[in-house]
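These notes concern the structure reproduced below.
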Amino acid sequence: AKIGSGEFLLRVAQTESERERGLSGVTALAKDEGMLFSFPQNAFHTIWMKNMLIPIDIIWLSDEFFVIDIRENASPDSFPEIFSPKQAARFVVELPAGSAKASSITIGSRAEFFAGTSPIPNGISPFKGGFLNQEISP
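Read in order, the letters of the sequence shown are residues 638 to 775 in this note's numbering.
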């Protein structure tokens with residue numbers, strides 16, 4: 638995925654259990670790793686830091702992949718605080734803390750998703766078939 642000036646390898650959390658587990662227990666992420674949470678509809682999808690061991694940047698995306706809200710440097714120590722977007726979102730991306738600033742990710746930036754080296758054509762969901770799935774081991 639490309640967001641701002643950064644390119645990231647994202648593991649996709651599509652099921653309820655995958656979304657609930659998220660990056661819990663992960664001890665480190667490479668600077669280009671993260672997780673994409675795919676939800677079936679727009680809503681105020683909240684994120685908490687339960688069982689998180691590393692700080693992250695949380696980026697909420699619209700159903701057209703535009704950045705609609707950002708929470709930088711969410712700390713594992715913030716639990717049980719719940720982070721919520723300012724408007725309904727369809728997708729959430731979690732990246733290593735500092736990624737939003739380092740990659741110039743701002744409100745209005747558009748995320749682009751790729752399969753291998755080819756861009757995904759408009760109108761085709763990048764989340765069906767799980768080709769972006771890459772295990773991130775705790």
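Glycine included, C-beta positions come from ideal geometry on N, C-alpha and C.
These figures come from a predicted structure and were not determined experimentally.
Within 10 Å of its beta-carbon, does F716 have 16 or more other beta-carbons around it, so buried, or fewer, so exposed?
exposed
Spatial distance of F750 from F728 (CA atoms)
12 Å
Tell me the residue span of the alpha helix (DSSP H) that contains E709.
Looking at the DSSP string, E709 is not in any alpha helix (DSSP H); the run it does join, the beta strand (DSSP E), is 704–711.
Compute the beta-carbon to beta-carbon distance between I705 and P722, rounded to the nearest angstrom, for a pair I have assumed lies under 8 Å.
6 Å
Collapsed DSSP secondary structure at D700 in the structure displayed
coil
With distance defined between alpha-carbon atoms, name the residue in E655, G662, Q651, F681 nearest to I693.
Ranked by how close their Cα comes to the Cα of I693, the residues E655, G662, Q651, F681 have G662 in first place.
Does the Cβ of G671 have 16 or more other Cβ atoms within 10 Å, making it buried, or fewer, making it exposed?
buried
Do you know offhand how far K687's Cα is from R708's?
When rounded, the separation of the alpha-carbon atoms in K687 and R708 is 16 Å.
Applying the criterion that 16 or more other CB atoms from any shown protein chain within 10 Å of the CB defines a buried residue, is S746 buried or exposed?
buried
Report yes if the C-beta distance between S642 and S736 is below 7 Å; otherwise report no.
no
Distance CB(A638)-CB(A711) smaller than 7 Å
no
Determine the contact status of A650 and F681, defining contact as a CB-CB distance below 7 Å.
no
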